[in-house]
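Peer 1: Before we start, here is the structure in question, set down as C-alpha cells.
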Amino acid sequence: MLRLRDGKDLKLLADCTVKNSNGNTIIKVANNKPVFINETLQYEELDNGLIVKDKETGKVYLEFRQLGPREVKVNGIFFINGVQITATDEFLGVGSNRLSNCTFDNCGSALGV
Numbered sequence: 000m001l002r003l004r005d006g007k008d009l010k011l012l013a014d015c016t017v018k019n020s021n022g023n024t025i026i027k028v029a030n031n032k033p034v035f036i037n038e039t040l041q042y043e044e045l046d047n048g049l050i051v052k053d054k055e056t057g058k059v060y061l062e063f064r065q066l067g068p069r070e071v072k073v074n075g076i077f078f079i080n081g082v083q084i085t086a087t088d089e090f091l092g093v094g095s096n097r098l099s100n101c102t103f104d105n106c107g108s109a110l111g112v
C-alpha cells in the first residue's frame, strides 16, 4: 500500500506498507517517517524523502523522493499478489521479466522512452 497526500508546506507525505513474498510486513512508513523497519533493514532520512536498504547487501527495498512540488520518485521491491515488482533508476521488473527503458503513464500503460 502506498498513499501520497499533501502536507502543510505543499510537500507530499508518503504512507506506505511493504510486505515480503510471505505477506509479512517489513516496512511501515507514516508521514515520511518509519513506524516499523524489519531488523535486517536500515532507514535513512533524506532532505527530500527516505530510503530503506538491506543492511548486508545494500539492496534498496523502498526509496521515496520528492523531485518537485507535484513530482515524486518511488523505487523499491514490491510484491503484488505474490508477483515481485522491482523499480530502480535503471529498470522496471515484473517477476523475472525486465522492462528496460520504459515509463508508465496513466492507468499503467507502458510508453517506451
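Okay, so the sequence shown: first residue is 0 according to numbering that gives the first Met the number 0, each after it adds one.
Just so it is clear, CB atoms sit at the ideal spot from N, CA and C, and this is done for glycine as well.
1) Looking only at its own chain, which residues have a Cβ that is under 7 Å from the Cβ of Gln120, when we skip the five neighbours before and after it?
2) Where Gly75 and Thr87 are concerned, what is the direct C-alpha to C-alpha distance, given to the nearest angstrom?
3) Pick out the complete beta strand (DSSP E) segments inside the region 42 to 92, 3 residues or longer, and give them in chain order.
4) Is it buried or exposed for Leu45, if we count other Cβ within 10 angstroms and need 16 for buried?
5) In three-state DSSP terms, what is Thr39?
6) Less than 9 Å between the beta carbons of Ile79 and Val51, yes or no?
7) Is the beta carbon of Cys15 closer than 9 Å to that of Phe63?
8) Quick one, are the C-beta atoms of Leu61 and Val34 less than 9 Å apart?
Peer 2: Let's see:
1) Residue 120 lies beyond the range of the chain shown here (0 to 112); nothing can be said about it.
2) Cα-Cα distance, rounded: 7 Å.
3) Complete beta strand (DSSP E) runs here, min 3: 48 to 53, 59 to 67, 70 to 79, 82 to 86.
4) With fewer than 16 other Cβ atoms within 10 Å, it is exposed.
5) Coil.
6) Taking 9 Å as the Cβ cut-off, Ile79 and Val51 do not qualify as a contacting pair.
7) For Phe63 and Cys15, yes; Cβs fall inside 9 Å.
8) No, they are not a contact pair.
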